[in-house]
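Chemist: Residues 1 to 280 in the UniProt record's numbering are what the sequence shown spells out, letter by letter. Built from N, CA and C at the ideal position, the CB exists for glycine as well. Source: prediction; values computed, not measured. The structure under discussion is supplied below as structure tokens; questions concerning it will follow.
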Amino acid sequence: MKIAWITDSTAAMDKEMLNHPDVYVVPITILLDQQEYIDGVDLTPDALYERLKSVKAVPKTSQPSIGTFQQLFEKLGETYDVIIAVHLSKKLSGTVSSCKQAAELVKIPVYTIDSGLISYPLTWMVKKGMQLAEQGMQPEQITTKLESLKHANELYVLIGSLEQLHRSGRMNGLQFFLGSVLQITPIISLEQGQLNTKEKVRSKKKAQEKMINYLKTAYEQHELKEAFILYGLHREIAEEWKRTIEMEIPGLVLNCYPLGAAVGLHAGEDTLGISWFNQQ
Numbered sequence: 001m002k003i004a005w006i007t008d009s010t011a012a013m014d015k016e017m018l019n020h021p022d023v024y025v026v027p028i029t030i031l032l033d034q035q036e037y038i039d040g041v042d043l044t045p046d047a048l049y050e051r052l053k054s055v056k057a058v059p060k061t062s063q064p065s066i067g068t069f070q071q072l073f074e075k076l077g078e079t080y081d082v083i084i085a086v087h088l089s090k091k092l093s094g095t096v097s098s099c100k101q102a103a104e105l106v107k108i109p110v111y112t113i114d115s116g117l118i119s120y121p122l123t124w125m126v127k128k129g130m131q132l133a134e135q136g137m138q139p140e141q142i143t144t145k146l147e148s149l150k151h152a153n154e155l156y157v158l159i160g161s162l163e164q165l166h167r168s169g170r171m172n173g174l175q176f177f178l179g180s181v182l183q184i185t186p187i188i189s190l191e192q193g194q195l196n197t198k199e200k201v202r203s204k205k206k207a208q209e210k211m212i213n214y215l216k217t218a219y220e221q222h223e224l225k226e227a228f229i230l231y232g233l234h235r236e237i238a239e240e241w242k243r244t245i246e247m248e249i250p251g252l253v254l255n256c257y258p259l260g261a262a263v264g265l266h267a268g269e270d271t272l273g274i275s276w277f278n279q280q
């Protein structure tokens, strides 16, 4: 059975995935001052963060249209037997909905999975699905397995710009007030596909220490092998934090991945996060 794998541009695709002949990325649309950009195509994270300094209207993102998915599905139907689509959380975007509606319009079977995730953890889910397929699992079995694995993920973020998150409608007024006026740093978690405030800490340094402690606990309880550091624009800061964590947890494999333009639009260029899966 020949499987086409689809995800969206919020996934942090490494070279292996970008060059894989069976992996297809459907881009998110970004709207800046009435002008549309295609995430990862005509707007890089560097260009985005530079533009954000001068935009007047509230920046927005838009999920791929049903037609975009339908056109891709019909094309893939000529050479593939089945499609497995793994997308960012449906509570953060309507991408899953567009994908499902398009699937009803085509002949090729399409399995749509709401990963409940963003960035590299989303990419990891696609990679895991591909591994399961290589082991001989059928699409129904792969879908069931990935649906269970998403609940094993932990993801924590220090938002680079509370103002951007507030303007995008993803942080309420009280949380924004506490963070901006009282200088409280919220640790944001992604739980069941939506953003929540895990803890409120007095400084970014203490927040980073808290997040390392979360990781240590998971490492000891679940015998973790790897974790992912996520960043907005500044990779050097992520690499510095990586070295700090490696000294405290020397047996853990750590790699750094960008959040991407569509996520960075809401979170800000100084955003820093960490994620891992408690189950493989």
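1) On the criterion of 16 or more Cβ atoms from any shown chain inside 10 Å, does Asp114 qualify as buried, or is it exposed?
2) Once DSSP output is grouped into helix, strand and coil, what is the label at Ile6?
3) Determine whether the beta carbon atoms of Ile30 and Thr79 lie at a separation below 7 Å.
4) Give the single residue among Leu233, Glu246, Glu240 whose Cα lies nearest to the Cα of Ala227.
5) For the beta strand (DSSP E) containing Ile159, list its first residue and its last residue.
6) Could you tell me if Lys225 is buried or exposed, where buried requires 16 or more neighbouring beta carbons within 10 angstroms of its beta carbon?
7) Quick check for students: name the residue ranges of the beta strand (DSSP E) that lie wholly in the segment 75-109, counting only runs of 3 or more.
8) Anyone know if the C-beta pair for Gly129 and Gly268 falls short of 7 Å?
9) Buried or exposed: which applies to Leu18, given that a residue is buried once 16 or more other Cβ atoms fall within 10 Å of its Cβ?
10) Does the beta-carbon distance from Gly232 to Leu259 come in below 7 Å?
11) Excluding sequence positions up to five away, which residues of its chain have a Cβ less than 7 Å from the Cβ of Lys210?
12) According to the neighbour-count rule (16 or more other Cβ atoms, all chains shown, within 10 Å of its Cβ), is residue 282 buried or exposed?
13) Please specify which runs of the alpha helix (DSSP H), each continuous and at least 4 residues long, are wholly inside the segment 219-276, giving them in chain order.
14) Please work out which residues of its chain come closer than 7 Å, Cβ to Cβ, to Ala102, disregarding the five sequence neighbours upstream and downstream, and give them in chain order.
15) Work out the CA separation of Ala12 and Tyr257 for me, nearest whole Å.
16) Tell me the rounded alpha-carbon separation between Lys216 and Leu105.
17) Going by DSSP, what residues sit across from Gly35 in a beta bridge?
18) By alpha-carbon positions, which one of Leu48, Thr44, Asp33 ends up nearest to Lys56?
19) According to DSSP, Ile188 sits in a beta bridge with which residue or residues?
20) Among the residues of its own chain, which have a CB less than 6 Å from the CB of Ser89, if the five just before and after it don't count?
21) If you reduce the DSSP assignment to three classes, tell me which class Ser65 lands in.
22) So, under 8 Å CB-CB, Thr271 and Leu158 are touching, yes? Tell me the CB distance rounded to an integer number of Å.
23) Tell me, to the nearest whole angstrom, how far the beta carbon of Ile274 is from that of Glu248; I am working on the premise that it is less than 8 Å.
24) Would you mind stating whether Asp8 and His87 have Cβ atoms separated by less than 7 Å?
25) With respect to the beta strand (DSSP E) encompassing Val25, which residues constitute its N-terminal and C-terminal limits?
26) Where residue 283 and Thr112 are concerned, what is the direct C-alpha to C-alpha distance, given to the nearest angstrom?
27) Which ranges would you report for the beta strand (DSSP E) in the segment 110-152 if only whole runs of at least 3 residues count?
Modeler: Well, looking at it:
1) Numbered from 1 along the sequence shown, position 114 holds the residue referred to as residue 114. The residue is buried, with at least 16 neighbouring Cβ atoms inside 10 Å.
2) The residue you call residue 6 lines up with position 6 of the sequence shown. The answer is strand: DSSP assigns Ile6 an E or B state.
3) Residue 30 sits at position 30 when you count from the first residue of the sequence shown. Residue 79 sits at position 79 when you count from the first residue of the sequence shown. No; because the gap between Cβ atoms is not below 7 Å, this pair is not in contact.
4) Residue mapping note: residue 227 aligns to position 227 of the sequence shown, counting from 1. Measuring from the Cα of Ala227, the nearest candidate turns out to be Glu246.
5) Stepping through the sequence shown from its first residue, residue 159 is reached at position 159. Note, Ile159: premise wrong, no beta strand (DSSP E); not H, not E.
6) The count along the sequence shown starts at 1 and reaches residue 225 at position 225. Answer is exposed; the Cβ neighbour count stays below 16.
7) 82-87
8) In the sequence shown, the residue the question calls residue 129 occupies position 129. In the sequence shown, the residue the question calls residue 268 occupies position 268. Against a cut-off of 7 Å, the Cβ pair of Gly268 and Gly129 comes out as no contact.
9) Position 18 of the sequence shown, counted from the first residue, corresponds to residue 18. Exposed: under 16 other Cβ atoms inside 10 Å.
10) Reading the sequence shown from its first residue, position 232 is the one you call residue 232. Reading the sequence shown from its first residue, position 259 is the one you call residue 259. Yes, these two residues count as a Cβ contact at 7 Å.
11) Locating residue 210 in the sequence shown gives position 210, counting from the first residue. Cβ neighbours of Lys210 beyond the five flanking positions: Ile187, Glu199, Val201.
12) Since the displayed the chain opens at 1 and closes at 280, residue 282 lies outside it and no answer follows.
13) 235-248, 261-267
14) What you label residue 102 is simply residue 102 of the sequence shown in a count that begins at 1. So the list reads Ile66, Phe69, Gln70, Phe73, once near-sequence residues are dropped.
15) Residue 257 sits at position 257 when you count from the first residue of the sequence shown. Residue 12 sits at position 12 when you count from the first residue of the sequence shown. One C-alpha to the other measures close to 6 Å.
16) If you number the sequence shown from 1, residue 216 lands on position 216. If you number the sequence shown from 1, residue 105 lands on position 105. So the alpha carbons of these two residues sit roughly 47 Å apart.
17) Residue mapping note: residue 35 aligns to position 35 of the sequence shown, counting from 1. Before going further, note that residue 35 is Gln rather than Gly in the sequence given. According to DSSP, which records beta bridges pairwise, Gln35 is partnered with Leu32.
18) Locating residue 56 in the sequence shown gives position 56, counting from the first residue. The shortest Cα separation from Lys56 among Leu48, Thr44, Asp33 belongs to Asp33.
19) Taking the sequence shown and counting its residues from 1, one reaches residue 188 at position 188. Val157, Thr197.
20) By one-based count along the sequence shown, residue 89 stands at place 89. Excluding positions up to five away in sequence, the list reads Gly116, Gly193.
21) Taking the first residue of the sequence shown as position 1, residue 65 is located at position 65. The answer is coil: DSSP assigns Ser65 none of H, G, I, E or B.
22) Here residue 271 refers to the residue found at position 271 when the sequence shown is read from its first residue. Here residue 158 refers to the residue found at position 158 when the sequence shown is read from its first residue. At roughly 7 Å, the Cβ-Cβ gap stays under 8 Å, so Thr271 and Leu158 are in contact.
23) Position 274 of the sequence shown, counting from 1, holds the residue named residue 274. Position 248 of the sequence shown, counting from 1, holds the residue named residue 248. So it is not a contact: roughly 12 Å between Cβ atoms.
24) Here residue 8 corresponds to residue number 8 of the sequence shown, with the count starting at 1. Here residue 87 corresponds to residue number 87 of the sequence shown, with the count starting at 1. Result yes, Cβ atoms of Asp8 and His87 sit closer than 7 Å.
25) Walking along the sequence shown from the start, residue 25 turns up at place 25. Note, Val25: beta strand (DSSP E), 23-26.
26) The requested residue 283 does not occur in the structure, where the chain is confined to residues 1 to 280.
27) 110-114
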